[in-house]
Amino acid sequence: MAEERRPKQCTVVLPTESMKAMAESIGVGQLQEESCAALSEEVSYRIKEIAQDALKFMHHGKRCKLTTSDIDHALKLKNVEPLYGFQSQEFIPFRFASGGGRELHFYEEKEVDLSDIINTPLPRVPLDVSLKAHWLSIEGVQPAIPENPPPAPKEQQKTESTEPLKAVKPGQEEEGSIQKGQGATSAEAKGKKDGLMRMKPRSTHELSVEQQLYYKEITEACVGSCEAKRAEALQSIATDPGLYQMLPRFSTFISEGVRVNVVQNNLALLIYLMRMVKALMDNPTLYLEKYLHELIPAVVTCIVSKQLCLRPDVDNHWALRDFAARLMAQSCKTFSTTTNNIQSRITKTFTKSWLDDKTQWTTRYGCIAGLSELGPDVIKTLILPRLTVEGARIKAVSDGPVVSNIDKIGADHVQSLLLPRPTLTVSQSGIGGSGGSRTASIIKVPSSLTLMSTRPGTPTQLSPPATKYIVMATSSGSSSTQQVLWMASICKISRTLKLSSSAVANSAVDMMKLALMRTATGKGDPELPLLQRISSLELPASEIAAQINA
Amino acid sequence: MAAVQDGQLNLEVEKDIKTEITNDGSGNINANSSSPGSTSSGGKSKSPAGSGEDQQTLLAVLQFLKRNKLTESVDILRREAGLSADADDSPVSESAGAGSGGVPSVGADGGDANSLLSRVSIATPVAPPATAPPKVVAASGGEDQPDVNVVLSAYSQQGDPVLYPLYYNGLKKFIESVLDCHRAELSQVFYPLFVHMYLELVYNNHENEAKQFFEKFSGDQECYYEEDLRILSSMSKKEHMKGNETMLDFRTSKFVLRISRDSYQVSCLGKPEMSRSLWQLTITYRMLSYQLLKRHLQERQNNQIWNIIQEHLYIDIFDGMPRSKSQIDAMSGSLAGEGKRDANKAKVFYGLLKEPEIEVPLDDEDEEAENEEGKPKKKKPKKDSMGSKSKKQDPNAPQQTRIPLPELKDSDKLDKIMNMKEATKKIRLGPDNLPSICFYSFLNAYQGLTAVDFTDDSSLIAGGFADSTVRVWSVTPKKLRRVKSAADLSNIDKESDDVLERIMDEKTASESKILYGHSGPVYGISFSPDRNYLLSSSEDGTVRLWSLQTFTCLVGYKGHNYPVWDTQFSPYGYYFISGGHDRVARLWATDHYQPLRMFAGHLADITCTLFHPNSNYVATGSADRTIRLWDVLTGNCVRILTGHKGPIHSLAFSPNGKFMASGATDGRVLLWDVGHGLMVGELKGHTDTIYALKFSRDGEILASGSMDNTVKLWDTLKAFDDVELDDFTAATGHIHLPENSQELLLGTYMTKSTPVIHLHFTRRNLLLAAGAYNP
């Protein structure tokens with residue numbers, strides 16, 4: 001302790017050089033070294049004294065920040081002329097100069113052109129002091145209004161949910177240990193999913209009338225028919241800092257809503273609810289962890305449910321699955337910890353149902369979509385190895401006898417889901433496969449590929465050819481051709497990439513070879529030499545495509 | 001080093017001392033009545049003691065005793081010497097542990113005394129001149145001291161400064177070796193000793209030694225002294241000491257320690273053991289506990305420490321169990337140690353004044369008022385109950401006329417009636433019924449808001465600003481209007497019923513008024529109870545009285561030459577108190593331009609002032625970390641309350657006048673029983689300076705507002721209920737504080753980056769808070 005304090009308290013003294021410089025500035029040359037030392041000690045002491053006095057003024061000024069005026073007042077206390085010219089609250093315009101072994105701080109005074117000053121437009125007149133009243137608390141409960149801070153800062157919510165026993169009343173930290181009763185109440189608070197326990201144990205569950213109204217309005221708007229209203233409501237959910245208390249209600253609303261609407265196959269409502277989830281996750285002041293047990297099942301339901309709409313063949317429930325999958329990925333990223341293991345649990349769930357042969361195509365689609373959002377590692381280890389199997393399955397559906405239209409559509413979607421995605425799969429595996437020796441720049445390129453494939457809007461230079469090939473692929477009939485085409489598109493991409501990194505291209509080619517081999521063995525058809533030529537990259541991709549089309 | 005030559009010279013000195021010793025040896029220990037000031041001549045003796053001389057000293061003493069046929073003493077001394085030779089500590093500590101102040105202790109003491117004596121006797125010849133000059137000088141102030149000190153340092157001991165750390169270390173080791181229960185008490189000595197030793201070193205120009213000493217031991221000091229240590233550390237030259245206030249405080253005031261008699265006796269018992277051990281300084285600690293100890297000290301020739309203790313410490317010995325570390329910590333922290341128990345013995349009439357002359361007319365007027373409203377019957381019973389309550393004379397209340405109070409005017413009576421009416425609509429607060437809080441934010445204040453006050457009826461808010469202005473707002477729809485100019489006033493029909501309305505100038509109606517007059521930041525502000533006046537105190541050293549009828553300055557009270565940190569009207573008006581950087585609180589009456597009373601005693605700036613609800617007392621909080629209560633009638637300080645670890649910035653009396661709350665920069669709120677002068681509670685929770693404290697109208701709830709942007713509500717009923725006041729605590733001045741103040745915390749309300757600098761309960765128990773929004 002002494003050691004820590006010493007440098008702070010004892011030894012800080014102005015350097016003697018400063019004394020010399022100051023002496024020179026007032027015309028005293030050749031100051032003795034001893035005098036300098038003595039002076040600097042004296043000056044340092046006086047400065048400290050003044051600073052200590054200035055602190056008093058700061059305290060009485062009810063500020064946390066020492067200002068120049070405090071120093072002036074402290075000087076005045078000592079009957080010393082205050083320093084003039086340092087009125088700025090924030091910035092003291094000292095400038096530093098060095099040269100000839102000397103270091104100086106000086107106050108820069110520029111020559112000012114009066115006409116400039118006269119001609120500059122007047123600044124805005126500062127507003128006068130005004131008084132504004134608001135309710136800080138109403139019978140012990142703090143209303144969630146903009147004038148009040150968010151009821152519980154996110155950090156606090158987080159510590160509360162992750163370490164419930166440490167969730168103490170603010171300011172209690174210094175107590176060190178909390179008594180058992182405290183711990184019990186906060187645990188209880190957690191159990192009841194209500195953070196305000198901390199503030200006032202009893203009135204936690206009740207929402208104020210305003211909050212109830214707000215809740216009603218928001219939930220109605222969110223699932224109502226007016227899109228404009230919905231947008232507003234979602235915006236409110238995503239930005240309002242005071243929703244903490246209502247969070248349990250919202251999460252229940254969502255989970256119940258999903259449960260009911262899945263049964264009723266009400267696609268629109270499910271979409272609305274997912275958008276609410278998204279808005280909640282976007283709100284920077286909310287920490288959702290305590291409500292994940294309700295939200296995650298709801299989201300997962302929207303990803304993998306067998307049927308989400310009344311007419312699965314017509315309605316675009318695939319979009320909902322994609323959207324929910326993205327939400328899932330986001331929450332995994334945000335909330336997965338070593339204790340809750342969300343990501344691995346989710347991954348397991350998806351994989352399990354995907355591996356099941358009896359799984360419907362809709363669910364299958366959801367699982368793959370969910371998995372593919374979970375990041376390159378998951379794609380590499382879980383999706384990639386199953387590509388062949390899945391390809392075979394798709395082929396079986398598309399080639400085989402038409403069992404049902406729904407299956408066909410499902411298979412198509414799975415296929416289209418897998419199709420653009422392998423692009424990135426390949427590039428990703430390229431990275432992984434090459435043993436991690438690749439540079440970071442390569443990693444970036446594939447990730448842009450990822451974006452390209454999932455979100456067509458994301459601009460990359462590579463996207464046009466890829467899209468083109470995919471279009472071509474879907475337009476052409478046979479699945480094996482498609483796969484080849486897809487390979488060709490990879491090839492094309494890889495070649496484009498080659499400009500920056502031949503490595504990716506190489507690995508892509510490796511992958512392609514592998515895939516081609518599979519295709520070839522599966523079909524055993526005359527395309528093989530062509531494919532070989534592709535693999536050797538002698539032909540430009542467009543040529544390959546043209547050949548295949550022909 | 002001087003011991004050998006001194007050997008022969010001891011005789012004559014010993015004779016002087018001997019009488020005293022025998023007295024003490026014969027069982028005087030328990031009396032302990034003599035004050036530490038009554039030191040024997042030997043007490044001043046000094047010589048740098050070497051342990052080697054012990055043996056010789058003993059022999060010399062033995063010879064002397066034999067010659068004087070004091071066989072008993074010889075025996076005792078022998079015994080002690082023998083014991084020490086055995087180096088067997090256990091019997092001693094056992095007896096100490098048993099806590100028996102009986103025979104063994106007496107014996108030991110006797111022995112101590114003798115050996116001590118011998119040492120003293122040896123020492124005296126060497127350094128009699130050295131003993132005389134008190135190095136660090138007491139009250140009279142530093143001016144005449146330098147000469148003495150120059151003399152002192154000139155001849156005295158080259159080796160002396162080097163020995164300081166040894167002394168200190170010895171003491172430290174000794175205290176560490178005593179029983180746990182006493183260690184805490186004795187440890188209190190460390191800090192004052194440290195400070196004084198350091199100052200002595202500095203004073204004697206042992207700059208480097210001082211620095212080393214500081215570095216070595218500053219870390220041992222309690223963390224709440226850190227601020228003082230910082231000031232201390234910056235003082236490394238004698239020149240610095242001149243004019244340094246902290247320095248002066250230390251030199252002019254005795255640091256007060258409270259030590260239980262028990263500890264004192266233990267220290268007596270511990271003595272032989274100590275003498276055996278070679279730490280000479282160990283003895284010193286005993287001095288703390290008393291007379292005998294004093295001798296021990298002399299024996300050990302620790303004159304440095306001895307002098308310090310003699311001159312700068314006041315040791316307050318009480319009967320009873322030694323206090324625990326936490327108890328000591330609760331009470332210590334002030335600049336000058338704890339308050340002496342004597343200081344808090346005076347009777348304080350904390351009861352409220354009854355209001356007889358109000359009561360009678362009030363009944364009538366109330367009735368009238370009610371008749372006007374047309375529902376007279378409803379209120380009758382309530383009013384009666386109130387009347388009967390206040391008719392009982394509170395035994396603790398001061399006499400009605402103890403302080404002459406201004407007579408009530410009609411308007412005051414009207415206001416009282418209003419007050420009572422409002423009071424009947426008051427919400428009963430409690431843990432299950434928390435008050436609503438309305439927060440008044442000052443926007444665009446650019447960090448300049450320095451003081452806020454509300455009128456009692458919550459109709460006006462005043463703010464003091466760093467730009468020297470005072471602004472008054474009306475928070476009711478009623479706008480602020482000026483009285484018309486004299487010329488216009490003469491045209492008014494004075495007989496008309498609404499003359500009071502007519503004198504107001506409608507053209508000047510506005511929601512706020514600015515009062516210009518000060519030439520420095522306005523740090524304190526206070527409305528008069530009748531809402532006609534406003535007081536403001538400023539950095540410019542003046543207190544100004546403003547009229548809220550004309551919105552002009554009426555008087556500038558000059559007296560403080562330094563910044564006036566706070567000012568406060570008496571609850572009955574007319575009187576007001578101000579306190580500031582000059583450490584003097586002044587009591588004024590509005591119609592006198594000079595103060596009626598000056599309350600001097602604080603060792604640092606007076607940071608806040610407050611009238612007791614009965615207007616007979618004034619409380620002041622200070623940067624010396626004490627609170628003092630002053631009797632307005634006599635001007636005496638009747639309470640010194642210590643326990644805060646930082647400058648005190650807010651005070652509040654409970655409505656019944658019995659309790660007080662105080663808040664400081666250390667972020668803690670302390671609760672005090674005014675009548676007993678005891679700390680009765682500690683509320684932890686805030687993390688920054690507490691600038692605002694207020695009890696609810698019925699005293700059930702204490703609200704505290706702080707720089708940490710929170711308002712907290714505390715259950716004071718529970719806090720005061722829990723207090724157990726037995727005779728012991730009353731006698732010793734300390735109690736067991738409840739472990740966990742969190743149970744008392746009823747609510748925490750964060751503001752949006754707005755420090756809370758004022759709180760006010762309306763008559764209906766709505767809590768108003770104010771602060772400047774600080775984006």
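If you read the protein sequences in the order shown, they are chains A and B. Using full-length UniProt numbering, you'd call the opening residue of the first sequence number 1 and step up by one each time. Using full-length UniProt numbering, you'd call the opening residue of the second sequence number 1 and step up by one each time. From the three backbone atoms N, C-alpha and C, an ideal C-beta is built for every residue, glycine too.
**Message:** Going by beta-carbon coordinates alone, are residue 307 of chain A and residue 362 of chain A separated by less than 8 Å?
**Reply:** Here residue 307 of chain A refers to the residue found at position 307 when the first sequence is read from its first residue. Here residue 362 of chain A refers to the residue found at position 362 when the first sequence is read from its first residue. Yes, the Cβ-Cβ distance between residue 307 of chain A and residue 362 of chain A is below 8 Å.
**Item:** Whole-angstrom C-beta distance between residue 605 of chain B and residue 585 of chain B, which should lie under 8 Å
**Value:** As a first step, residue 585 of chain B is located in the second sequence; it is residue number 585 there, counting from the start. As a first step, residue 605 of chain B is located in the second sequence; it is residue number 605 there, counting from the start. Rounded, the Cβ-Cβ distance is 11 Å, inconsistent with contact.
**Item:** Cross-chain neighbours of residue 140 of chain A in chain B, by beta carbon under 7 Å
**Value:** For the purposes of this step, residue 140 of chain A is identified with residue 140 of the first sequence, where counting begins at 1. The contacting residues are 434, 747.
**Asked** Rounded to whole angstroms, how far is the Cβ of residue 704 of chain B from the Cβ of residue 676 of chain B, which I believe are closer than 8 Å?
**Response** Sequence index remark: in the second sequence, residue 704 of chain B carries index 704 (1-based). Sequence index remark: in the second sequence, residue 676 of chain B carries index 676 (1-based). Residue 704 of chain B to residue 676 of chain B, Cβ: 23 Å. No contact.
**Prompt:** From the DSSP output, which residues share a beta bridge with residue 555 of chain B?
**Reply:** In the second sequence, counting from the first residue as 1, residue 555 of chain B sits at position 555. Bridge partners of residue 555 of chain B: B/545.
**Message:** Within the continuous beta strand (DSSP E) that includes residue 98 of chain A, where are the two ends?
**Reply:** Within the first sequence, the letter at position 98 stands for residue 98 of chain A. Here the beta strand (DSSP E) through residue 98 of chain A covers 94-99.
**Prompt:** To which residues does DSSP link residue 318 of chain A through a beta bridge?
**Reply:** Taking the first residue of the first sequence as 1, we reach residue 318 of chain A at position 318. The partner list for residue 318 of chain A (beta bridge, DSSP) is empty, contrary to what the question assumes.
**Request:** Say whether chain A places a C-beta atom closer than 8 Å to the C-beta of residue 236 of chain B.
**Result:** The sequence position of residue 236 of chain B within the second sequence is 236, counting from 1. Yes, contact with chain A.
**Request:** Using a Cβ-Cβ cut-off of less than 8 Å, give me the residues of the stretch 29-45 of chain A that come near chain B, in sequence order.
**Result:** 41, 42, 44, 45
**Message:** Could you tell me the alpha carbon to alpha carbon distance between residue 773 of chain B and residue 767 of chain B, rounded to whole angstroms?
**Reply:** Taking the second sequence and counting its residues from 1, the one referred to as residue 773 of chain B is at position 773. Taking the second sequence and counting its residues from 1, the one referred to as residue 767 of chain B is at position 767. Approximately 18 Å, taken between the alpha carbons.
**Request:** Report the neighbours of residue 126 of chain A on chain B: residues whose CB is nearer than 8 Å to its CB, in chain order.
**Result:** By 1-based counting over the first sequence, the position of residue 126 of chain A is 126. Within 8 Å Cβ-Cβ: 444, 446.
**Same chain only: Cβ atoms within 7 Å of residue 82 of chain A, ignoring 5 sequence neighbours per side** = Looking up residue 82 of chain A in the first sequence gives position 82. The residues are 72, 75, 76.
**Message:** Could you check whether residue 302 of chain A and residue 270 of chain A sit closer than 8 Å to each other, using their CB atoms as the reference points?
**Reply:** The residue labelled residue 270 of chain A in the question sits at position 270 within the first sequence. The residue labelled residue 302 of chain A in the question sits at position 302 within the first sequence. In this structure, residue 302 of chain A lies closer than 8 Å to residue 270 of chain A by Cβ.
**Prompt:** Is it buried or exposed for residue 117 of chain A, if we count other Cβ within 10 angstroms and need 16 for buried?
**Reply:** The residue labelled residue 117 of chain A in the question sits at position 117 within the first sequence. It is exposed - the Cβ of residue 117 of chain A has fewer than 16 other Cβ atoms within 10 Å.
**Item:** Under 9 Å by beta carbon: chain A residues contacting residue 658 of chain B
**Value:** Here the question's residue 658 of chain B lines up with position 658 in the second sequence. Within 9 Å Cβ-Cβ: nothing; residue 658 of chain B doesn't reach chain A, min ~26 Å.
**DSSP-derived helix/strand/coil call for residue 226 of chain A** = As a working mapping, residue 226 of chain A is identified with position 226 in the first sequence. Three-state DSSP puts residue 226 of chain A in coil, outside helix and strand.
**Beta-bridge partners of residue 683 of chain B, as assigned by DSSP** = Here residue 683 of chain B refers to the residue found at position 683 of the second sequence. BP columns for residue 683 of chain B point to B/669.
**Item:** C-beta neighbour in chain A for residue 190 of chain B, strict 8 Å
**Value:** Sequence index remark: in the second sequence, residue 190 of chain B carries index 190 (1-based). Chain A, which has no Cβ nearer than 8 Å to the Cβ of residue 190 of chain B, makes this no.
**Asked** Between the beta-carbon of residue 411 of chain A and the beta-carbon of residue 373 of chain A, is there less than 8 Å?
**Response** Within the first sequence, numbered from 1, the residue matching residue 411 of chain A stands at position 411. Within the first sequence, numbered from 1, the residue matching residue 373 of chain A stands at position 373. No, these two residues do not count as a Cβ contact at 8 Å.
**Message:** Rounded to whole angstroms, what is the Cα-Cα separation between residue 523 of chain B and residue 256 of chain A?
**Reply:** Counting from 1 along the second sequence, the entry for residue 523 of chain B is found at position 523. Counting from 1 along the first sequence, the entry for residue 256 of chain A is found at position 256. If you take the alpha carbons of residue 523 of chain B and residue 256 of chain A, they lie about 58 Å apart.
**Message:** Tell me the rounded alpha-carbon separation between residue 764 of chain B and residue 501 of chain B.
**Reply:** Here residue 764 of chain B refers to the residue found at position 764 when the second sequence is read from its first residue. Here residue 501 of chain B refers to the residue found at position 501 when the second sequence is read from its first residue. Approximately 27 Å, taken between the alpha carbons.
**Prompt:** Rounded C-beta distance between residue 690 of chain B and residue 131 of chain A? I'm assuming under 8 Å.
**Reply:** Here residue 690 of chain B corresponds to residue number 690 of the second sequence, with the count starting at 1. Here residue 131 of chain A corresponds to residue number 131 of the first sequence, with the count starting at 1. About 23 Å; that fails the 8 Å criterion.
**Which residues DSSP lists as bridging residue 690 of chain B, in chain order** = For the purposes of this step, residue 690 of chain B is identified with residue 690 of the second sequence, where counting begins at 1. The partner list for residue 690 of chain B (beta bridge, DSSP) reads B/706.
**Prompt:** Are the C-beta atoms of residue 711 of chain B and some chain A residue less than 8 Å apart?
**Reply:** Reading the second sequence from its first residue, position 711 is the one you call residue 711 of chain B. Chain A, which has a Cβ nearer than 8 Å to the Cβ of residue 711 of chain B, makes this yes.
**Prompt:** Does the count of Cβ pairs from the stretch 342-356 of chain A and the stretch 271-291 of chain A closer than 8 Å reach three?
**Reply:** no
**Message:** Please give the ranges of any beta strand (DSSP E) in the stretch 213-294 of chain A, keeping only runs that are unbroken, at least 3 residues long and fully inside the region.
**Reply:** none
**Request:** Would you mind giving the Cβ-Cβ distance between residue 429 of chain B and residue 696 of chain B, rounded to the nearest angstrom? I have them listed as a contact below 8 Å.
**Result:** Counting from 1 along the second sequence, the entry for residue 429 of chain B is found at position 429. Counting from 1 along the second sequence, the entry for residue 696 of chain B is found at position 696. Sure, about 5 Å apart at Cβ, within 8 Å.
**Request:** Go through its chain and collect everything with a Cβ distance to residue 702 of chain B's Cβ below 6 Å, but skip five positions before and after it.
**Result:** Walking along the second sequence from the start, residue 702 of chain B turns up at place 702. Cβ within range, chain order: 661, 695, 714, 716.
**Message:** I need the boundaries of the beta strand (DSSP E) containing residue 105 of chain A, first residue and last residue.
**Reply:** One-based indexing of the first sequence puts residue 105 of chain A at position 105. 102-107 is the extent of the beta strand (DSSP E) around residue 105 of chain A.
**Asked** Ordered along the chain, which non-local residues of its own chain (more than five positions away) have a Cβ less than 8 Å from that of residue 475 of chain B?
**Response** Here the question's residue 475 of chain B lines up with position 475 in the second sequence. Answer for residue 475 of chain B: 440, 458, 459, 460, 461, listed in chain order.
**Request:** Out of A/214, A/247, A/249, state which residue places its alpha-carbon closest to the alpha-carbon of residue 233 of chain A.
**Result:** Looking up residue 233 of chain A in the first sequence gives position 233. It is A/214 whose Cα lies nearest to the Cα of residue 233 of chain A.
**Message:** Taking the alpha helix (DSSP H) that residue 716 of chain B belongs to, which residues open and close that run?
**Reply:** Here residue 716 of chain B refers to the residue found at position 716 when the second sequence is read from its first residue. Taken as a continuous stretch (DSSP letters only), the alpha helix (DSSP H) holding residue 716 of chain B covers 716-721.
**Message:** Just to make sure I have the definition right: I need the residues of chain A whose C-beta is within less than 8 Å of the C-beta of residue 450 of chain B. Which are they?
**Reply:** Start at 1 with the first residue of the second sequence, and residue 450 of chain B comes out as number 450. In chain order: 60, 61, 62.
**Whole-number beta carbon distance between residue 223 of chain A and residue 291 of chain A, since they are thought to touch under 8 Å** = Along the first sequence, read from residue 1 onward, the residue named residue 291 of chain A stands at position 291. Along the first sequence, read from residue 1 onward, the residue named residue 223 of chain A stands at position 223. The Cβ separation is near 18 Å, so there is no contact.
**Asked** Taking all protein chains shown into account, do 16 or more other C-beta atoms lie within 10 angstroms of the C-beta of residue 252 of chain A, making it buried, or fewer, making it exposed?
**Response** Position 252 of the first sequence, counting from 1, holds the residue named residue 252 of chain A. Exposed, by the Cβ-count rule.
**Request:** Kindly indicate which residue of B/712, B/755, B/504, B/759 has the alpha-carbon position closest to the one of residue 746 of chain B.
**Result:** For the purposes of this step, residue 746 of chain B is identified with residue 746 of the second sequence, where counting begins at 1. Nearest of B/712, B/755, B/504, B/759 to residue 746 of chain B, Cα basis: B/712.
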